[in-house]
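First comes the structure, then the notes that go with it.
There are 2 protein chains.
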Amino acid sequence: MTGTDATSVMTALGERAKAAAAALRMANTKTKDSALRLAASVIRREMTEILSANAMDMKTAEENGIDAALLDRLMLNSDRIDAMAEGLEQVAALPDPIGAVDNLRYRPSGIQVGHMRVPLGVIGMIYESRPNVTADAAALCLKSGNAVILRGGSEAIHSNRAIAACLRRALVDSGLTQDAVQLIDSTDRAMVGALLKSESYVDVIIPRGGRSLIERVAAESRVPVIKHLDGICHVYIDAAADPAMALAIALNAKTHRYGVCNAMETLLIHQQAAAATLTPIVRAMLDKGVEVRGCERTQALCGDLQVGTATDEDWATEYLAPVLSVRIVDDLDAAIAHIEAYASGHTESIVTADYEAGQRFLREVDSASVMWNASTRFADGFEYGLGAEIGISTDRLHVRGPVGLEGLTTQKWIVLGHGEIRS
Amino acid sequence: MTGTDATSVMTALGERAKAAAAALRMANTKTKDSALRLAASVIRREMTEILSANAMDMKTAEENGIDAALLDRLMLNSDRIDAMAEGLEQVAALPDPIGAVDNLRYRPSGIQVGHMRVPLGVIGMIYESRPNVTADAAALCLKSGNAVILRGGSEAIHSNRAIAACLRRALVDSGLTQDAVQLIDSTDRAMVGALLKSESYVDVIIPRGGRSLIERVAAESRVPVIKHLDGICHVYIDAAADPAMALAIALNAKTHRYGVCNAMETLLIHQQAAAATLTPIVRAMLDKGVEVRGCERTQALCGDLQVGTATDEDWATEYLAPVLSVRIVDDLDAAIAHIEAYASGHTESIVTADYEAGQRFLREVDSASVMWNASTRFADGFEYGLGAEIGISTDRLHVRGPVGLEGLTTQKWIVLGHGEIRS
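Chains as they are written, first to last, in this note's numbering: chain Z, 38 to 460; chain B, 38 to 460.
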């Protein structure tokens, strides 16, 4: 497809999405929730069709020699399809954020001023191999009153088509417009470029995927982007940390799951806490099969334990793997300075019983999630009570950290008067 | 200056701003407020110096044949300088948004999750002729814990330099870093380009000025922008409007000030309200010297009154002048459809005593401010209780409508635990 062709396809998609967004903005909660529940039942009913579409994607992927991890992400089975349908029902059960009025108060002029929560408009969602994102993202966009244009991975095109068809059928049968959910029905990369330049139609782009996708989107997009870059997360064990709590949190943060963005990548230990915590933690990590790379002091204190050498590059790396870098620091200031220099702004946690140290850490560390005596693994939309999550933002504007329904909305000012004029 | 030179100047400014932002993030309320009050007194003390710098700008502007309106915006006198100092004191008196914790609540896992309000980081402010923006913008950025890089109009460079010098002196004397406020000390346009590409240092750009400035910024910027485009504001007089209230609001919205973004540009009247409201309003507008351009029905109903012909172009024009377009519409749906087609998303108001019509208008009109029985002129940071205003956003993300201190902040998640780990 040429760039011009892609632009004209995108314009048609964009115009339909804009019209759908205007209609969806006014849809009431009951209609949106019925559509979501109906979509769940259509997906369950069409399971065979979705599975056979997925089989085509799996066959092509295998023929192309795609690796096992990606194949697993691409693969659907009846359990996964059922989980997808359940996800739609869970979103239907969440409170509707739209129309909520906050903070309405009288002003000296006599007018009442407040905020009303409203949809963002049209959301462009760019994602990679997991076909369930098609249903998950569409559900969150629909519930929050937004139209969505979906662009999934080309390896999942048949699966995504089958899932999107179920969603669109449910929309129509619920009296909503099917254009509230549109899938870019082409694997041509030019379509991504066209989507990123459609600032007249699309209000925000949310990319979900690997670093190269996110960086391409951030570099090319004329539409505002809510992006999720690396999670180089830290746990800092303060002088006043309880050693048992420090061990439990460090282990959980590193070994609960390795390939996730909220896993710990670097452990910082106050020099006064090292005697009581360093070797038990390193031993436990090694027992779990985690490779440990330490600073000089770490290596010296670990004696015979197998600890490699951490370099500057280690401090700046998101391993997403059973590898941990460990650094002994002089004090809280040094820990915060290390975090300032190397963290990606995702999630950091302090373990301490010291009120002053905890308060300072909470206030001074500039990350999307800052924790005190808890595992970094809690940085998650479900754990935070958002009910669902469309992504995790490492940006600073609009929304930071886990993004749920509210992150897909904005607020307008409302003014209630009685004939007031300005003097 | 070449682009490369501009980039290296900008890099130096950006690095200093980033360091200043990290320090300012931790500054307490008392220190920030003292710095603001001290800045006010330095500005009053240095009045003679500021006036003579401004005289240089005025002389150059007059020699360049700059028009009277721009000369008036550029001109400082003792009253205006005093108002600038008072503005700094007013910002000092506002509550500090930074560090406020919202909505901290327990989750089933045992952790407490909430939001803490924090600064955005580094703000790039691009503005035109009014030198008081130098002080106003710096004050709001400082109070909200942000470092700012200011780029004023080249015609005001001497005035801006003198004002920025006062602010920086006050910062140092209050124990803060002077780099919290930096002025781009060059009138070279290449510096604007460099600022717009400094996404590694600057978190958001706020342009304030005419349409061509805003459009250039929006098109070129790699940094997120909070922008303020046109204010094509509407008043809609519903069938159930009180005629006296309709007249008062329409007159105020149009004639209170002409050159402001929250002035009404188009008046929509329900056909059933036209008999009681149209000619009194048109007569009052003409008496005030406002040119009226109407649709066919308006012209027919206005008889001998001097009403020109409104074209499609009129509906899409922000006059910023004593010109008003008037359209008779069939009903509320037609009014909302007209607004959907032509409004710029700034401010619209309905005049009605009908509960259902008012509720629908509030819910369905998609503008930054939506009003019921009040003049559009109230769309303003002071009138809304923000205490001050750095601009008015017609964007949808992050902040919409008048932008005060809170618009210059973001939130991070905080998690308070007791050793919780994820299972």
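By construction, the Cβ of each residue, glycine as well, lies at the ideal position given by its N, Cα and C atoms.
Cut-off 6 Å between Cβ atoms - residues of its own chain near residue i, not counting five sequence neighbours on either side
| i | result |
| --- | --- |
| alanine 321 of chain B | Leu288 |
| histidine 195 of chain B | Ala90, Met93 and Asp94 |
| glutamate 83 of chain B | Cys203 |
| alanine 276 of chain B | His307, Gln309 and Ala310 |
| phenylalanine 398 of chain B | Ile387 |
| aspartate 119 of chain Z | none |
| cysteine 178 of chain B | Ile160 and Val185 |
| valine 260 of chain B | Glu236, Val239 and Ile242 |
| arginine 77 of chain Z | Checking the displayed sequence, the identity of residue 77 of chain Z turns out to be alanine instead of arginine. Counting only Cβ-Cβ distances below 6 Å, and skipping sequence neighbours, we find Ala122, Leu125 and Glu126. |
| tyrosine 31 of chain Z | The structure shown has nothing for residue 31 of chain Z, since chain Z only spans 38 to 460. |
| alanine 199 of chain Z | Glu86, Ile87 and Ala90 |
| alanine 372 of chain B | Tyr273, Leu305 and Val366 |
Whether residue i touches residue j by CB criterion (8 Å)
| i | j | result |
| --- | --- | --- |
| alanine 129 of chain Z | isoleucine 427 of chain Z | no |
| threonine 346 of chain Z | glutamine 336 of chain Z | yes |
| glycine 151 of chain B | histidine 455 of chain B | no |
| alanine 282 of chain B | alanine 290 of chain B | Sequence inspection shows methionine at residue 282 of chain B; the alanine mentioned does not correspond to that position. No, they are not a contact pair. |
| cysteine 339 of chain B | glycine 331 of chain B | yes |
| glutamate 165 of chain Z | leucine 250 of chain Z | yes |
| tyrosine 421 of chain Z | alanine 358 of chain Z | no |
| tryptophan 450 of chain B | glycine 438 of chain Z | yes |
| threonine 446 of chain B | arginine 154 of chain B | yes |
| valine 363 of chain Z | valine 402 of chain Z | no |
| isoleucine 221 of chain Z | leucine 50 of chain Z | yes |
| leucine 61 of chain B | proline 156 of chain B | yes |
Selection from the options that minimises the alpha carbon distance to residue i
| i | options | result |
| --- | --- | --- |
| glutamate 123 of chain B | B:Tyr143, B:Ile163, B:Ala176 and B:Thr85 | B:Ala176 |
| aspartate 370 of chain Z | Z:Thr354, Z:Ser381 and Z:Arg400 | Z:Arg400 |
| alanine 310 of chain B | B:Ala64, B:Gly40 and B:Pro280 | B:Pro280 |
| leucine 305 of chain Z | Z:Thr48, Z:Arg142, Z:Val319 and Z:Met121 | Z:Val319 |
| aspartate 139 of chain B | B:Ser460, B:Ile458, B:Glu457 and B:Val452 | B:Val452 |
| serine 308 of chain Z | Z:Gly190, Z:Asp324, Z:Tyr273 and Z:Leu266 | Going by the sequence as given, residue 308 of chain Z is glutamine instead of serine. When only C-alpha atoms are compared, the closest one is Z:Tyr273. |
| proline 134 of chain B | B:Leu73, B:Leu423 and B:Leu50 | B:Leu423 |
| methionine 38 of chain Z | Z:Thr224, Z:Thr431, Z:Val344 and Z:Glu126 | Z:Thr224 |
| glycine 136 of chain B | B:Gly382, B:Ala425, B:Glu443 and B:Ile286 | B:Glu443 |
| aspartate 240 of chain B | B:Leu108, B:Arg74, B:Leu220 and B:Ile263 | B:Ile263 |
| glycine 441 of chain Z | Z:Ile118, Z:Arg74, Z:Gln127 and Z:Thr85 | Z:Gln127 |
| tryptophan 409 of chain Z | B:Gln149, B:Pro132, B:Met162 and B:Ala76 | B:Gln149 |
| glutamate 257 of chain Z | Z:Ser235, Z:Ala372 and Z:Arg245 | Z:Ser235 |
| arginine 110 of chain B | B:Ile458, B:Ile221 and B:Asn169 | B:Asn169 |
| threonine 314 of chain B | B:Ile365, B:Phe415 and B:Ala43 | B:Ile365 |
| isoleucine 458 of chain Z | B:Thr292, B:Asp324 and B:His375 | B:Thr292 |
| arginine 117 of chain Z | Z:Arg81, Z:Ile163, Z:Ala64 and Z:Arg188 | Z:Arg81 |
Cutoff 7 Å; reference residue i; Cβ partners in own chain excluding five residues on either side
| i | result |
| --- | --- |
| glutamine 215 of chain Z | Arg205, Leu208 and Val209 |
| valine 79 of chain B | Cys203, Arg206 and Ala207 |
| alanine 57 of chain Z | Ala184, Thr214, Asp216 and Ala217 |
| alanine 255 of chain Z | Val262 and Lys264 |
| tyrosine 356 of chain Z | Glu302 |
| serine 404 of chain B | Ala380, Gly382, His383, Thr384 and Glu385 |
Cα-Cα separation between residue i and residue j, rounded to whole angstroms
| i | j | result |
| --- | --- | --- |
| threonine 354 of chain Z | leucine 88 of chain B | 54 Å |
| alanine 285 of chain B | tyrosine 238 of chain Z | 37 Å |
| aspartate 391 of chain B | glycine 247 of chain B | 38 Å |
| serine 406 of chain B | serine 211 of chain Z | 31 Å |
| glycine 190 of chain Z | aspartate 417 of chain Z | 24 Å |
| glutamine 448 of chain B | asparagine 299 of chain B | 29 Å |
| glutamine 343 of chain B | arginine 334 of chain B | 14 Å |
| glutamate 52 of chain B | aspartate 42 of chain B | 16 Å |
| serine 430 of chain B | serine 460 of chain Z | 24 Å |
| asparagine 12 of chain Z | arginine 253 of chain Z | Nothing can be reported for residue 12 of chain Z, as the shown portion of chain Z is limited to 38 through 460. |
| proline 145 of chain Z | alanine 411 of chain B | 14 Å |
| alanine 374 of chain Z | proline 317 of chain Z | 26 Å |
| glutamate 350 of chain Z | threonine 48 of chain B | 24 Å |
Contacting residues, own chain, Cβ-Cβ under 8 Å from residue i (five flanking each side not counted)
| i | result |
| --- | --- |
| leucine 107 of chain Z | Ala98, Ser166 and Glu192 |
| arginine 74 of chain Z | Leu125, Glu126 and Ala129 |
| glycine 40 of chain Z | Ala227, Gly230 and Ala231 |
For the 8 Å Cβ check, are there 3 or more pairs between the region 218-228 of chain B and the region 62-70 of chain B? no
Check whether the region 373-389 of chain Z and the region 263-273 of chain Z touch, using three or more Cβ-Cβ pairs below 8 Å as the test. yes
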